[in-house]
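> Numbering follows the working numbering, with no gaps: position 108 of the sequence shown is 120. Where is the CB? At the ideal position from N, CA and C, for every residue including glycine. Quick caveat, the model's predicted, so the values are computed rather than measured. My questions will all concern the structure given below.
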Amino acid sequence: MTTPPLGLQRSANPKPAYRMDAMLLGIGTLHFVAPKPFDGIVPDRLPGSRRFYTYASGVAELVTGALLLSSKTRKVGALSAAALYLAVFPANVNMCVLWKDKPLLMRLGAFARLPLQIPMVLGAWKIYRNS
Numbered sequence: 013m014t015t016p017p018l019g020l021q022r023s024a025n026p027k028p029a030y031r032m033d034a035m036l037l038g039i040g041t042l043h044f045v046a047p048k049p050f051d052g053i054v055p056d057r058l059p060g061s062r063r064f065y066t067y068a069s070g071v072a073e074l075v076t077g078a079l080l081l082s083s084k085t086r087k088v089g090a091l092s093a094a095a096l097y098l099a100v101f102p103a104n105v106n107m108c109v110l111w112k113d114k115p116l117l118m119r120l121g122a123f124a125r126l127p128l129q130i131p132m133v134l135g136a137w138k139i140y141r142n143s
């Protein structure tokens, strides 16, 4: 069996990339529209202002989402997404610590975020492999 010419090759299903892209663009936008909740989970140990980290992670999410849009940049976007999900993990752990006095449902939501990072990283890796 021969490989079809470059322009006629079948591309991987872009739907997973588009779903991840929509999530990243939405959450990235929220970092600028409503930054206070994100400021509140930035670990105190980090130098500088919390708002800097909120905006920096918002920019990272927007750029990563934009990279996932195009098949030409999807591979680097997928790697960026995996790295981003790993980079924000400490903030999610910090949320669990900080929310110890919040209502039970909020605490459960915070703890549920931790294992959800695994399928998000694996999903980004799968997009990378299939792009």
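(1) What first and last residue would you give for the alpha helix (DSSP H) that runs through N25?
(2) By Cβ distance below 7 Å, which residues in the same chain neighbour G40 in space, the five residues on each side in sequence not counted?
(3) My output table needs one value for G135: the three-state DSSP class, helix, strand or coil.
(4) Within 10 Å of its beta-carbon, does M118 have 16 or more other beta-carbons around it, so buried, or fewer, so exposed?
(5) With distances taken from CA atoms, which of A122, P115, G135, Y65 is nearest A99?
(6) Whose C-beta lies closer than 7 Å to the C-beta of S92 among residues of the same chain, with five residues either side of it excluded?
(7) If I follow the unbroken alpha helix (DSSP H) through T85, where does it start and stop?
(8) What span of residues does the alpha helix (DSSP H) with S69 cover, start to end?
(9) Could you name the residues of the same chain whose beta carbon sits closer than 6 Å to that of R57, not counting the 5 residues immediately before and after it, in chain order?
(10) Buried or exposed, going by whether 16 or more other CB atoms sit within 10 Å of the CB of I53?
Straight from the coordinates:
(1) Where N25 is concerned, there is no enclosing alpha helix (DSSP H), given that its DSSP letter is neither H nor E.
(2) G70, E73, L74, G77
(3) helix
(4) exposed
(5) Y65
(6) T76, L79
(7) That residue, T85, is in no alpha helix (DSSP H); it is neither H nor E in DSSP.
(8) 62-81
(9) none
(10) It counts as buried.
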